[in-house]
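Chains as they are written, first to last, in my numbering: chain A, 8 to 240; chain B, 86 to 421.
Note that beta-carbon positions come from the ideal geometry of N, C-alpha and C, so glycine has one too.
Nothing here was measured: the structure is a model prediction, and the numbers come from that model.
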Amino acid sequence: MRRETQNILLVLLGGALLKISFSGLYLRYVQKSLLPLLIAAGVTMIGLALFAIIRDIRRGKAADDGHEHSHSSRSTWLMLLPVLAVFLISPPALGGDVVNSAADTNQTQRSRNLLGNLPSGDVIPLSMTEFVTRTAWDESGTLDGRRVKLTGFLLRADGATYVARLAISCCAADARPLKVRVTGDVPALPDEQWVEVTGQVVPKSANEKNSWVPSFTVESFTAVAEPVEPYES
Amino acid sequence: MTITGEIRSSKRRSGPPRLKITSLEVLCGILVLALLFQSRLVDLLDVPKLRTASTVFVAICVQAMPFLVLGVLISGAIAAFVPASALRRLLPSKTALAVPVAGVAGIALPGCECASVPVAKRLMQQGVAPAVALTFLLAAPAVNPIVLVSTAVAFNDTPMMVVARFVGSLLTAMVMGWLWVRFGKMEWIAERALARLGDHSGQNKWAVFAESARHDLVDAGGFLVLGGLFAATFKTFVPVAWMQTLGGQIVLGVIVMAFLAVILALCSEADAFVAVAFSALPLLPRLVFLVVGPAVDVKLIALQAGAFGKSFAFRFAPATFVVAILCGVVTGVVLL
């Protein structure tokens, strides 16, 4: 591959990184804390390419024009794939497909600082992670009788309806699914529609047999837009 | 008609006909085609499995790129600012003794496996013995503080896991280094990986830095994408649901978790969170997962094949795989 083409590819790839960084779309793929690194990587790529381009222009021609690096030329083309994926396809955040095929649903960990007292108030907004962790580990029943608000997407499987969400620790490749079985008045919304549900947990409904999926009696259902941060962390 | 006529006449004027299509024209062609067929492409990918695969693919690339960039910057800095003689003075002259030093030096590179490949290659080019560079390559992604802290956070109930991971990974890296001293052959490594840089004494050091970094990035970037493609495919299409049934069978569990580490190609900063989720399994298979993952996975094999050549990667990766499983098991039996 020619040096000029390599430089253009680098600018495109760096541009793709910057595009998803500034548009917020990066949250579909990676954790929030990676943002500064993403921007730095994009700027560095473009910078390295521009440095080479300017140097070539000053010298009048590409430094190693002609002897194409045969070993690297073919694989370098692959760098075009993420560029095309980001600019043309812009893959959506992971959703129901991952939850349905996952083996590790609701695998939470006991963590001491998470199992403190719930804040007071009529409706307590909780992350799915905290809600599922409490239903699995909290023996004292702090959730029982409390009205809780959860945010996730709808999913129907095996005749039951679930509200599900994914949590990531680094990127979407390590997504862990969380789901809650909802009972009560479920409106006719399509699968993968994002919702806010308010209701109460059915006490002691999460156990090893149902792989720690708690039941949730819904009092109100609100369809909402996909959150900016589709994953919990 | 007139246009073709013009082109023909200009050709004739410029001497011998040169109908060479360069990569630049190909690139433009691909971009134009992709733009034209964009909606067709989007429709084609509108199948749940393919959508998942494309998201995971982009996620792996996006996640790994910053670390690859960090790696090539360090590699470029070594090329420009660290003379080969300084490296030689820093390391013990006996290779077998330099191996553990390189392993421990891995603590200083806070990145995942993508960063260590370009750095290891550059070390070789600067005259560091391959065994030493390879030990660094294997140790760095597994024993650096960021990885250890994230392991401690994930396994907050079993702090020994952090120690076991550190020891197991360091052991793997050093055993591979010593094995290379004993059995390794220079001719397995592609010549381009060992080619010394030309004499840069007359050149501006910053130019050497930028050019080396750019060259390494272009070299490794494609292979990283290739590894991401493999990992996304495996992650999406290999059913992992049956693995929960492995529970009690420890030998099978170890083997399956080792293979899973290879095909999932998780970043070493995240794999502990995935390992902790396999709560149906005992700790030993999960430790093997953490020791194998940073040392050998599809993304890393692709990067190694790109940096050191296929004949190297196809010997080194299986050997590392076996050594990592053994080291993981031994460490786990002793410490857990």
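Are the beta-carbon atoms of residue i and residue j separated by less than 7 Å?
i      : j      : result
B:I145 : B:G378 : no
B:S160 : B:D301 : yes
B:V147 : A:Y36  : yes
A:P34  : A:V90  : According to the sequence as given, residue 34 of chain A is Leu; it is not Pro. Taking 7 Å as the Cβ cut-off, A:L34 and A:V90 do not qualify as a contacting pair.
A:L55  : B:A165 : no
B:G417 : B:A237 : no
B:T140 : A:L101 : yes
B:A224 : B:G188 : yes
A:N113 : A:W201 : no
A:G159 : A:A171 : yes
A:K156 : A:P132 : yes
B:A350 : B:A138 : no
A:V48  : A:N14  : The residue asked about is misnamed: residue 48 of chain A is Ala in this sequence, not Val. In this structure, A:N14 does not lie closer than 7 Å to A:A48 by Cβ.
B:L421 : B:L368 : yes
B:T405 : B:M261 : yes
B:F397 : B:W273 : yes
A:A182 : A:T136 : no
B:A258 : B:A357 : no
B:G391 : B:A305 : yes
A:M52  : A:L88  : no
Note down, in chain order, each residue of its chain lying with its Cβ closer than 6 Å to the Cβ of residue i, except the 5 sequence neighbours on either side.
i      : result
B:F152 : G196, C197, C199 and A200
A:V225 : V189, G191, V204 and G206
A:D151 : P210
B:L222 : S201 and A205
B:A387 : F308, L311 and G312
Which residue marks the beginning of the beta strand (DSSP E) containing residue i, and which one marks its end?
i      : result
A:T228 : Looking at the sequence itself, residue 228 of chain A is Phe, so the reference to Thr does not match. Where A:F228 is concerned, the enclosing beta strand (DSSP E) stretches over S222 to A230.
B:A213 : In the sequence under discussion, the amino acid at residue 213 of chain B is Val, which differs from the Ala named in the question. Run containing B:V213: none; DSSP gives neither H nor E here.
A:L161 : R154 to A164
A:E203 : W201 to V208
B:P195 : First-last for B:P195: undefined, no H or E at that position.
A:V130 : V130 to P132
A:T168 : A167 to A174
A:G191 : R183 to G191
Suppose you measure from the CA of residue i to the CA of residue j; what does that come to, to the nearest Å?
i      : j      : result
B:V213 : B:W291 : 23 Å
A:P43  : A:V50  : 11 Å
A:K216 : B:I163 : 56 Å
B:S353 : A:V208 : 36 Å
A:S212 : A:R154 : 16 Å
B:M448 : B:G191 : Within the shown structure, residues of chain B are numbered from 86 to 421, placing residue 448 of chain B beyond reach of any answer.
B:R371 : A:A180 : 18 Å
B:Q288 : B:R277 : 22 Å
B:V117 : B:V154 : 28 Å
B:V204 : B:T220 : 12 Å
A:L162 : B:V359 : 23 Å
B:V419 : A:I96  : 50 Å
B:L130 : A:E11  : 31 Å
A:G148 : A:A232 : 32 Å
B:P230 : B:T321 : 31 Å
B:V376 : B:S235 : 14 Å
Report all residues from its chain with a CB closer than 8 Å to the CB of residue i; omit the five preceding and five following residues, and keep chain order.
i      : result
B:L126 : A119
A:E199 : G102, G103, F160, L161 and L162
B:K384 : I145, A149, E198, C199, L309, G312, G313, F315, A316 and A350
Using 10 angstroms around the beta-carbon of residue i, count the other beta-carbons present and answer buried if the total reaches 16, otherwise exposed.
i      : result
B:K134 : exposed
A:A230 : exposed
A:R66  : exposed
B:C36  : Because chain B is modelled from 86 through 421, residue 36 of chain B falls outside the range shown and cannot be assessed.
A:T115 : buried
B:F374 : buried
A:S222 : buried
B:D382 : buried
B:V341 : buried
A:F228 : buried
A:P197 : exposed
B:E296 : buried
A:S240 : exposed
Apart from the five residues on each side of it in sequence, which residues of its chain come closer than 7 Å, Cβ to Cβ, to residue i?
i      : result
A:A109 : P184
B:F251 : V228 and L233
B:G269 : P215 and A216
Starting from residue i and walking both ways along the alpha helix (DSSP H), at which residues does that stretch end?
i      : result
B:V303 : K290 to F322
A:G22  : R10 to S30
B:P403 : K395 to L420
B:A187 : T180 to A190
B:G262 : M245 to F268
B:K134 : P133 to F166
B:S124 : Q123 to L129
B:A278 : E276 to L279
B:G338 : I335 to L349
Could you confirm whether any beta carbon from chain D is found closer than 7 Å to the beta carbon of residue i?
i      : result
A:D198 : No chain D appears in the structure shown, which is made up of the protein chains A and B.
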